[in-house]
Amino acid sequence: MHTLKYTTATIFKYLTLILGAFAALIPIVVVLFASLKTNAEYANTGPLTLPENWLNFSNYTKAFIDGKMLLGFGNTVFIVVISIAGATLTGSMVAYILARFKFRGSKLLMGAFLLATLIPAVTTQVATFQIINALDLFNTRWAPILMYLGTDIIAVYIFMQFLDSISESLDESAMLDGASYWTIYGRIILPLLKPAIVTVIIVKGVNIYNDFYTPFLYMPKSDLQVISTALFKFKGPYGSQWEVICAAIMIAIIPTLVAFVALQKYIYNGFAQGSVK
Amino acid sequence: MFKLSNLSYKNQRIFIILAFSIVPVVLLFTFAYLPVIKMFQYSFTNWNGLSKNMEYVGFDNYKTIFTKPEYFAVFKVSLYYFVATFVQMGLAMYFATILSFNVRMKNLFKGILFFPTLLNGVAIGFIFLFFFKPDGTLDTLLQFVGLESLQQKWLLNPNLNNISLAGASLWRYMGMNFIIFLGAISSVSKDVYEASDIDGANRWHQFLHIILPSIKRILQLNLILAISGAIGVFEIPFVMTGGSNGTSTFVIQTVDVAFKYSKLGLASALAVILLFIVILVTIVQRILIKEEA
């Protein structure tokens, strides 16, 4: 009797897992199928039908060239690299002084960063837009870069957590050797923060790569399109050519998939740490 | 030449504190606090965003929002996303629990359930346009299992379109809740489960008395964040329906009012209200969590 109940539970468990996995995958898998079909094939087959030729990449070429996806990738990489480098640097610097020095105003500084997280960026966009305009940065890549650099408490938090685990006696022994604080930060702290840096790079990287709102609002110029806005442009003119749109979707997703498979372990850690506020 | 190591440690300290905080503080002020101040200021004007002079109109913008039903309707739309969050968290809790124990191909399942969360919002919008379109994935699946009678215009039917969109949103964010719950559950020591096994506890008991308490705090946090999340919905409805047919959300509306209709004053008032809701929710959350600790 007990075994029977146990077996039912096991079957139920796997059934729900498979159902869950199916629900997570099917919307993406059908897009993959459609992206590999020819126009006629797409018109005559249902979404669940497998493509005839798994190596028909003509839609990909079309989407890549017509959608100027290379330009999108170029702009995205430019913005991601500069924003992440800057955010890592400023985040670790703020975390360093907050974790290592007790000074007047340190509580105020911490509080200012904390309070800023209460303000959701989407709400203040109307006014932020005027500031970007006043700085003459509208329709430049620097608008999103500055905003991604702006208020990043999550990075500061992750760095501070790691700094707590780095013994202060390391700093002190370096000071006995006459090292300046700058040297201590650059030569001792920064290299030891490597795991935290990887985490910050992943969490920020995913957010910036996927952000649509900021580039859509601040860089409408077509030369400045990023992956999100390049993809969005398929909406109007390709309304009836779903096989091309599907190829464009896959082009936007593939880098994420590759990064996910390669960095799985770090990504799980990064999200668990980044989200516990 | 100026060298930092020539200074005393006390002076170095002052120098480093200033040098390391100046850029972040300037950015923080320019892109977090200044916009809030400006937004409050705009919300009392009828500024169109272009002209040089703006007229102070007092609370007129706020009055408009609270008296005209068309501005208030977006809150009803938020309810769909709010309800979806509960389903989303229930599913996330279930999968996180069973994947915390021995399961074949555990990592594969974990990866598949989490992956959607990493995807580009615009891509997800398109994926679900394809999913819900007539003769699309959903209709075909229904036909496959013999439920043709349920096929319909998922995104055009005004009684159904918000549910479809909230479903897509659930698909997108379930993995995020899942991975957070998984992390919280894994922080419980294995010994606790073993001890309870010996005491004859079954999985349900373990869930109720070990797992639920360990994720309780994160669960509370997520439940409260669900409110601000539901109000802040943007990408999925924007890409999929453009906010037509009663699917407009608070953020879509604010962007439209500001940038399409050039009513910056009114849009700012909308944003101020949104900000107040979010801050209120956050304060409630902090209080609840403090009481907990």
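Those protein sequence lines, which keep their order, are chains A and B.
Residue numbers for the first sequence, in full-length UniProt numbering: 1 to 277.
Residue numbers for the second sequence, in full-length UniProt numbering: 1 to 293.
We treat Cβ as the ideally placed atom computed from N, Cα and C, and that holds for glycine.
Discussion item. For a quick check, are the C-beta atoms of Ile236 (chain B) and Leu155 (chain B) less than 8 Å apart?
Written reply: For the 8 Å CB-CB criterion, Ile236 (chain B) and Leu155 (chain B) do not form a contact.
Discussion item. Could you check whether the Cβ of Ile189 (chain A) sits closer than 8 Å to any Cβ belonging to chain B?
Written reply: Judged by the 8 Å Cβ criterion, Ile189 (chain A) is not in contact with chain B.
Worksheet entry | Host alpha helix (DSSP H) of Ala258 (chain B) (start-end) | No alpha helix (DSSP H) contains Ala258 (chain B), which DSSP labels as neither H nor E.
Worksheet item: Can you find at least 3 beta carbon pairs, one from the stretch 22–34 of chain B and one from the stretch 122–132 of chain A, that sit closer than 8 Å?
Response: Output reads yes: the stretch 122–132 of chain A touches the stretch 22–34 of chain B.
Discussion item. Does any residue of chain E have a CB that is nearer than 8 Å to the CB of Val77 (chain A)?
Written reply: No chain E appears in the structure shown, which is made up of the protein chains A and B.
Practice prompt. Report the residues of the stretch 26–38 of chain B with a CB closer than 9 Å to any CB of chain A, ordered along the chain.
Written response: Flagged, chain order: Leu27, Leu28, Phe29, Thr30, Phe31, Ala32, Tyr33, Leu34, Pro35, Val36, Ile37 and Lys38.
Worksheet entry | Coarse secondary structure for Val276 (chain A), derived from DSSP in three states | Residue placement at Val276 (chain A) cannot be trusted, given a pLDDT of 47 that sits under 50; what the coordinates show is reported in the next sentence. For Val276 (chain A), the three-state secondary structure derived from DSSP is coil.
Worksheet item: Under 8 Å, do Leu212 (chain B) and Gln285 (chain B) count as touching if we go by C-beta distance?
Response: Not a contact, by the Cβ cut-off of 8 Å.
Discussion item. Closest to Phe132 (chain B) by C-alpha separation, out of B:Met93, B:Ile163 and B:Gly121, would be which residue?
Written reply: Selected option, being the one with the closest Cα: B:Ile163.
Fill in: Cα-Cα separation, Arg13 (chain B) to Met105 (chain B)
If you take the alpha carbons of Arg13 (chain B) and Met105 (chain B), they lie about 53 Å apart.
Worksheet item: What's the C-alpha gap between Met93 (chain A) and Ile17 (chain B)?
Response: About 9 Å.
Worksheet item: Exposed or buried, which one is Gly236 (chain A) when buried takes at least 16 other CB atoms within 10 Å?
Response: Here Gly236 (chain A) is exposed, its C-beta having fewer than 16 other C-beta atoms within 10 Å.
Item to complete: Report back the beta-carbon spacing between Ser268 (chain B) and Ser78 (chain B) to the nearest angstrom; my notes put them in contact at under 8 Å.
Response: That pair is no contact at about 20 Å.
Discussion item. Strictly below 7 Å CB to CB, what residues from chain A border Pro51 (chain B)?
Written reply: The amino acid occupying residue 51 (chain B) in the given sequence is Ser; Pro does not appear at that position. Those do not exist, as Ser51 (chain B) stays about 13 Å from chain A at its closest Cβ, beyond 7 Å.
Worksheet item: Does any heavy atom of the ligand ADP sit closer than 7 Å to the C-beta of Thr140 (chain A)?
Response: Because no ligand of any kind appears in the structure shown, any question about the ligand ADP cannot be addressed here.
Discussion item. As an exercise, report each continuous alpha helix (DSSP H) stretch of at least 4 residues that is fully enclosed by the stretch 203–246 of chain B, in chain order.
Written reply: Qualifying alpha helix (DSSP H) stretches, in chain order: 203–206, 212–231 and 235–240.
Discussion item. Taking 8 Å as the limit between beta carbons, can you name the residues of its chain near Leu32 (chain A), skipping five residues before and five after?
Written reply: Contacts found: Cys246 and Met250.
Item to complete: Inspect the beta-carbon positions of Leu142 (chain B) and Leu150 (chain B) and report whether they are closer than 8 Å.
Response: Annotated as proximal: Leu142 (chain B) and Leu150 (chain B), with beta-carbon spacing under 8 Å.
Item to complete: Answer yes or no: does any C-beta atom of chain A fall closer than 8 Å to that of Thr140 (chain B)?
Response: For Thr140 (chain B), a Cβ of chain A is located within less than 8 Å of the residue's own Cβ.
Worksheet item: Buried or exposed: where does Ala40 (chain A) fall if 16 or more other Cβ atoms within 10 Å of its Cβ makes it buried?
Response: A residue is called buried when at least 16 other Cβ atoms come within 10 angstroms of its Cβ; Ala40 (chain A) does not meet this threshold and is exposed.
Worksheet entry | Helix, strand or coil at Tyr42 (chain B) according to DSSP, with G and I counted as helix | Helix.
Worksheet item: Going by DSSP, what residues sit across from Tyr56 (chain B) in a beta bridge?
Response: Per DSSP, the beta bridge partners of Tyr56 (chain B) are B:Thr45.
Fill in: Nearest-angstrom Cα separation, counted from Ile184 (chain A) out to Asp152 (chain A)
When only Cα atoms are considered, Asp152 (chain A) and Ile184 (chain A) end up about 24 Å apart.
Discussion item. Quick check on the DSSP output: what are the complete alpha helix (DSSP H) runs of length 4 or more inside the stretch 153–187 of chain A, in order along the chain?
Written reply: Listed in chain order, they are 153–165 and 168–176.
Discussion item. Give me the subset of the stretch 106–135 of chain B whose CB atoms are less than 7 Å from a CB atom of chain A, sorted by chain position.
Written reply: Using a CB distance below 7 Å, the part of the stretch 106–135 of chain B facing chain A consists of Phe109, Gly111, Ile112, Leu113, Phe115, Pro116, Leu118, Leu119, Asn120, Gly121, Val122, Ala123, Phe126, Ile127, Phe128, Phe130 and Phe131, ordered along the chain.
Discussion item. Below 9 Å on C-beta distance, what does residue 324 (chain B) contact in chain A?
Written reply: The structure shown does not extend to residue 324 (chain B), since chain B is modelled only from 1 through 293, so no value can be given for it.
Fill in: Cβ of Lys102 (chain A) within 8 Å of any chain B Cβ
By this cut-off, Lys102 (chain A) is not an interface position.
Discussion item. Quick check: Ser228 (chain A) and Asp211 (chain A), are their CB atoms within less than 8 Å of each other?
Written reply: Contact flag set, yes.
Worksheet entry | Short Cβ contact (8 Å threshold) for Thr85 (chain B) with Met176 (chain B) | No, these two residues do not count as a Cβ contact at 8 Å.
Item to complete: Could you spell out where the alpha helix (DSSP H) holding residue 309 (chain A) opens and where it closes?
Response: Only positions 1 to 277 of chain A appear in this structure, which leaves residue 309 (chain A) out of reach.
Worksheet item: Name the chain A residues whose beta carbon is nearer than 8 Å to that of Phe228 (chain B)?
Response: Rather than Phe, the amino acid found at residue 228 (chain B) in this sequence is Ser. Those are Pro120, listed as they occur along chain A.
Fill in: Check whether Tyr94 (chain B) and Ser169 (chain B) have beta carbons under 8 Å apart
Ser169 (chain B) sits away from Tyr94 (chain B), with the two beta carbons spaced by 8 Å or more.
Worksheet item: How about Thr137 (chain B): is its C-beta nearer than 8 Å to some C-beta of chain A?
Response: Closer than 8 Å to the CB of Thr137 (chain B) there is at least one CB belonging to chain A.
Worksheet item: Whose CA, out of A:Pro191, A:Tyr14 and A:Asn56, lies closest to the CA of Ala34 (chain A)?
Response: When only C-alpha atoms are compared, the closest one is A:Asn56.
Practice prompt. Kindly indicate which three-state DSSP category Gly20 (chain A) falls into: helix, strand or coil?
Written response: Gly20 (chain A) sits in a helix when the DSSP states are folded into three classes.
Worksheet item: Going along chain A, which residues have a C-beta under 9 Å from Glu194 (chain B)?
Response: Annotation: Glu194 (chain B) has no Cβ neighbours in chain A at a cutoff of 9 Å; minimum Cβ distance is about 18 Å.
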